[in-house]
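Before any comments, here is the structure.
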Amino acid sequence: MMLWKIYALTTLVLFLKMFAVAGVQGVNRIKNRTFVRPEDAAFFGGAAPAAAELPIVERAQNTLRNDLENIPLFLFLMLGYIQLQGPVLPLMIYATLFVSARIGHTLCYLTPRQPWRNLCYQLGLLMDFMLCGHLLWAVWRL
Numbered sequence: 024m025m026l027w028k029i030y031a032l033t034t035l036v037l038f039l040k041m042f043a044v045a046g047v048q049g050v051n052r053i054k055n056r057t058f059v060r061p062e063d064a065a066f067f068g069g070a071a072p073a074a075a076e077l078p079i080v081e082r083a084q085n086t087l088r089n090d091l092e093n094i095p096l097f098l099f100l101m102l103g104y105i106q107l108q109g110p111v112l113p114l115m116i117y118a119t120l121f122v123s124a125r126i127g128h129t130l131c132y133l134t135p136r137q138p139w140r141n142l143c144y145q146l147g148l149l150m151d152f153m154l155c156g157h158l159l160w161a162v163w164r165l
């Protein structure tokens, strides 16, 4: 049961993080009245469409794209781990570090900070591979 609670909490926190990043896009578009799509420009004030997105909006889009390349894979690996009834403590560690890494990556992407963004990305990737290794170990001992 505890494994499922870890999964639920991990999913919830990552969802809220992604939702906040989507909010960054919307707030900045509305605040600056800058919309690339003509229908959005017309709906939100009638201004002419912008030639390009605001830099912060582009960064938020790239953050979400990166999230969609990384988060679902980790959640699928977690499901496999739960199905094989792995020990609780390793999953708690992997999930905590992965979530922390994704939050750090987001903050470092939105406020350009290298090498921290890359280090956060690598930490998240390491948690993917640690979880993979633990899954292989669990399968091997069956």
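Numbered as in my numbering, the sequence shown ends at 165 without a single skipped number. Every residue, glycine too, gets a C-beta built ideally from N, C-alpha and C. Being a predicted model, the structure only gives us computed values, none of them experimental.
Legend entry - Burial state of Asn-93, where buried means 16 or more other Cβ atoms lie within 10 Å: buried
Inset, instruction - Return the first residue and the last residue of the alpha helix (DSSP H) that Phe-67 is part of. - result: Looking at the DSSP string, Phe-67 is not in any alpha helix (DSSP H), and its letter there is neither H nor E.
Inset, instruction - Would you mind sorting Gln-137 into buried or exposed? The rule is 16 or more other CB atoms within 10 Å of its CB. - result: exposed
Inset, instruction - Quick one: grab the DSSP three-state call for Arg-88. - result: helix
Legend entry - Pairwise C-alpha distance: Ser-123 and Leu-91: 16 Å
Inset, instruction - Compare the C-alpha of Val-50 against each of Asn-141, Ile-105, Val-80 and name the closest. - result: Val-80
Inset, instruction - Output the distance between the C-alpha atoms of Asp-151 and Ala-65, rounded to the nearest integer angstrom. - result: 44 Å
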